[in-house]
Amino acid sequence: MARIILTTDVAHLGGPGDIVEVKDGYARNYLLPRGYAMTATKGAERNVRTIRRTQEARRIRDLDHAKEIKQTLENLGTVEVTAKSAEGSKKLFGSVTPSDVVNAIKAAGGPQLDKRVIELRQHIKTVGKHDVRARLHPNVTVDVHLDVVPTRA
Numbered sequence: 007m008a009r010i011i012l013t014t015d016v017a018h019l020g021g022p023g024d025i026v027e028v029k030d031g032y033a034r035n036y037l038l039p040r041g042y043a044m045t046a047t048k049g050a051e052r053n054v055r056t057i058r059r060t061q062e063a064r065r066i067r068d069l070d071h072a073k074e075i076k077q078t079l080e081n082l083g084t085v086e087v088t089a090k091s092a093e094g095s096k097k098l099f100g101s102v103t104p105s106d107v108v109n110a111i112k113a114a115g116g117p118q119l120d121k122r123v124i125e126l127r128q129h130i131k132t133v134g135k136h137d138v139r140a141r142l143h144p145n146v147t148v149d150v151h152l153d154v155v156p157t158r159a
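When we follow the working numbering, the leftmost residue of the sequence shown carries the number 7, and every step to the right adds one.
Next up, the structure:
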């Protein structure tokens, strides 16, 4: 059995900063390579408070907090996302990711969100207007309106 410290939420295991024991193969082949955990050493155990503090800043605390964030996102209106595209083409190089959406919301003056709350209905691979859903709480969702604008590569 391996002792590890979780750095993110892992289903059926725990949350960030939790020290858990898992089978060696699960830790070595899944959790550690993906950055979901780190080996529990004495130095790493001292960093648990820092891990919890950074995750707490991103976490939505309760239903009232989720409703406040929903109102803030609705007041933002249309959020502008820049993505690389070819000259004269509406197609993007690659696609817009949830991380891009979270960064654009933050740049537009919105709250810092975790990228896992963003739900893309389909891949965004073209310039123009798109809608994505943010699931802030099991009972609170909000549609975020995006305007994807090109930057030339």
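Ideal placement from N, C-alpha and C gives every residue a C-beta, glycine not left out. Given the structure is predicted, the values throughout are model-derived calculations rather than measurements.
Look up residue i in the DSSP assignment and give the residues it is bridged to.
{"i": "residue 15", "result": "In DSSP, residue 15 forms no bridge with anything."}
{"i": "residue 152", "result": "85 and 136"}
{"i": "residue 20", "result": "16"}
{"i": "residue 90", "result": "157"}
{"i": "residue 143", "result": "146"}
Quick check: residue i and residue j, are their CB atoms within less than 9 Å of each other?
{"i": "residue 56", "j": "residue 9", "result": "no"}
{"i": "residue 87", "j": "residue 137", "result": "no"}
{"i": "residue 129", "j": "residue 68", "result": "no"}
{"i": "residue 49", "j": "residue 13", "result": "no"}
{"i": "residue 111", "j": "residue 51", "result": "no"}
{"i": "residue 75", "j": "residue 37", "result": "no"}
{"i": "residue 104", "j": "residue 79", "result": "no"}
{"i": "residue 84", "j": "residue 151", "result": "yes"}
Alpha carbons only, please: which of the options is nearest the one belonging to residue i?
{"i": "residue 133", "options": "157, 115 and 127", "result": "157"}
{"i": "residue 70", "options": "146, 150, 131 and 58", "result": "146"}
{"i": "residue 101", "options": "93, 20, 126 and 84", "result": "126"}
{"i": "residue 98", "options": "131, 75, 22 and 38", "result": "131"}
{"i": "residue 92", "options": "124, 155, 118 and 104", "result": "155"}
{"i": "residue 123", "options": "94, 59, 96 and 141", "result": "141"}
{"i": "residue 43", "options": "16, 116 and 83", "result": "16"}
{"i": "residue 121", "options": "23, 108 and 18", "result": "108"}
{"i": "residue 22", "options": "106, 53, 115 and 114", "result": "53"}
Does the beta-carbon of residue i, which I'm using as the reference point, lie nearer than 8 Å to any heavy atom of the ligand ADP?
{"i": "residue 154", "result": "Because no ligand of any kind appears in the structure shown, any question about the ligand ADP cannot be addressed here."}
**Q.** Complete alpha helix (DSSP H) runs within the stretch 23-84 (minimum length 4 residues, chain order)
**A.** For the alpha helix (DSSP H) assignment, the uninterrupted runs of no fewer than 4 residues enclosed by the stretch 23-84 are, from N- to C-terminal side, 48-52, 54-64 and 69-82.
Q: Quick one: which unbroken alpha helix (DSSP H) runs of 4-plus residues sit fully inside the stretch 95-126? Chain order, please.
A: For the stretch 95-126, the continuous alpha helix (DSSP H) assignments of 4+ residues that do not extend past its boundaries occur at 104-113, in sequence order.
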